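Note that the sequence shown covers residues 6 to 382 in our numbering.
Worksheet: the structure to be examined is printed underneath.
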Amino acid sequence: MTRSTFNDDLVEIAADELRAGRLARRDFLKVLGAAGLLPAVGAGLGTLPFGSSPAAAKAAELVLCNFGGDAVAGMGEAWGKPFTADTGIPVRVDGGSPLAGKIKAMVESGSVSWDVCDGDGFLCNQLGKQGLLEEVDYGVVDKSLVRDGWAWPHGIANYTYSFVLAYRKDMFPDKPPTYADFFDTAKYPGKRTMWKYQMGAMEACLLGDGVKRDALYPADLDRAIAKARSLGDDVIYWESGASSQQMFLDGEVVMGNIWNTRASILERDTKGAVTWTWNDGVFCPSSFVIPKGNPAGSEAAQKFMASMLDPARQIKLLQLLGNGPSNPAASAMLPPELRRIDPGYADNVAVQAIRSEEWYEMNYDAAVERWIDGISG
6 MTRSTFNDDL
16 VEIAADELRA
26 GRLARRDFLK
36 VLGAAGLLPA
46 VGAGLGTLPF
56 GSSPAAAKAA
66 ELVLCNFGGD
76 AVAGMGEAWG
86 KPFTADTGIP
96 VRVDGGSPLA
106 GKIKAMVESG
116 SVSWDVCDGD
126 GFLCNQLGKQ
136 GLLEEVDYGV
146 VDKSLVRDGW
156 AWPHGIANYT
166 YSFVLAYRKD
176 MFPDKPPTYA
186 DFFDTAKYPG
196 KRTMWKYQMG
206 AMEACLLGDG
216 VKRDALYPAD
226 LDRAIAKARS
236 LGDDVIYWES
246 GASSQQMFLD
256 GEVVMGNIWN
266 TRASILERDT
276 KGAVTWTWND
286 GVFCPSSFVI
296 PKGNPAGSEA
306 AQKFMASMLD
316 PARQIKLLQL
326 LGNGPSNPAA
336 SAMLPPELRR
346 IDPGYADNVA
356 VQAIRSEEWY
366 EMNYDAAVER
376 WIDGISG
């Protein structure tokens, strides 16, 4: 099943900002590196905190697999050389989309070509328990730098994002809508939008049906599907972050359950005519994993993952693209204008649900299939 993931969307946002002149190419590459979409380990970090010098580092190629985009083309000059200077390790980026099935096929065939892969948090346990991933060396990677529960045996959170309720401000001038309002098309007419591929949308439906944030999991998928179907022709399902944004710009929808990155861009570009609320958002971690038998070896991959937890790099990512730090120390350092857009800032997290990585680990593949069948039937 081909679909736009949050990681795909990050690349697309960066490219849009670059084309609009709001983002310099240097920052474009830097911010994608901070997200794990480029191997930008050495850039802007000074001396790496690993107790080794470039002369002592193992000279092996490191391959980062991400979800592609313009960042890959600029990797060699912008990131490969600085990383090699700091660690002695040449770097190559493969934009081959490291979906779970691809990682599994590589490892089981004994032909692994990726060293570090991007993916959602639940991927760590999902693949780790199948014996497909290297364990994280927490003697190298500092697990205390991420939120509790987001350092797994086979992966660690690198940045955060949320599914949030975006809406037209003129419809709700005094206070933001709730998901009960989202499903009340008689009182608030107009079309709504949700992601076609279940995540975020399922939770929105359950919240709209009266389920409390702390009772979303284990999720009642049938109840969520029934609630989605109750919208009838008043729902349009988005398949990419760009399409969720464009629906608002075209006046096609009045409310939507969308990624926080797209919501903050909408608020900026519409000068507040479209905004969002963190209330009842779904807060999610992205992660890094290391396929078992990765060609560069575990040591290089562990160093790569450790470097991504640097607070300054995570803050830069938030500033330019809206992806939240996985390191709470970075969130605590934010000025007021950045607190507003950080999904992980303490006040924002307090009113959100935190996605259950355990539930998604066990249910994701089947849930997506059931959801699509249910909303299409």
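From the three backbone atoms N, C-alpha and C, an ideal C-beta is built for every residue, glycine too.
Predicted model only: the values in this text are computed from it and were never measured.
For ILE241, there is no enclosing alpha helix (DSSP H); the residue is part of the beta strand (DSSP E) that begins and ends at 240-243. DSSP places TRP283 in no alpha helix (DSSP H) but in the uninterrupted beta strand (DSSP E) bounded by 279-294.
The C-beta distance from ALA268 to LEU67 rounds to 34 Å, too long to meet the 8 Å contact threshold.
In the DSSP annotation of this structure, the continuous segment of the alpha helix (DSSP H) that includes ASP186 starts and ends at 184-187.
Here ASP378 is exposed: its Cβ has fewer than 16 other Cβ atoms, across all protein chains shown, within 10 Å. By a beta-carbon distance limit of 8 Å, TYR143 does not contact ASP285. Their separation comes to about 34 Å. Per DSSP, reduced to three states, the secondary structure at ALA355 is coil, with no helix or strand assignment. Distances from the CA of PRO95 to each of LEU69, VAL112, ALA110 were compared; the closest alpha carbon is that of LEU69. Taking C-alpha positions only, TYR193 is separated from ALA229 by approximately 21 Å. Here PHE253 has LEU271, VAL279 as same chain residues with Cβ atoms under 6 Å from its own Cβ, once five neighbours each way along the sequence are excluded. DSSP links ALA156 through a beta bridge to ILE161.
In the same chain as MET338, and ignoring 5 residues on each side of it, the C-beta atoms closer than 7 Å to its own belong to PRO316, ILE320, in chain order.
In the three-state reduction of the DSSP assignment, MET204 falls in the coil class, being assigned neither a helical nor a strand state. Looking at the backbone, the Cα of LYS148 and that of VAL141 are separated by about 9 Å. Take VAL146, set aside five residues on each side of it, and the residues of its chain with a beta-carbon closer than 7 Å to its own are ILE161, GLN307, MET310, ALA311, in chain order. A distance of 8 Å or more separates the beta carbons of THR266 and ILE108. PHE168 and VAL287 have their C-alpha atoms some 5 Å from each other.
Among the bridge pairs identified by DSSP, ASP99 is matched with CYS70. By the criterion of at least three beta-carbon pairs nearer than 8 Å, the segment 115-134 is in contact with the segment 361-370.
For ALA105, the closest of LEU132, SER116, VAL117 by C-alpha to C-alpha distance is LEU132.
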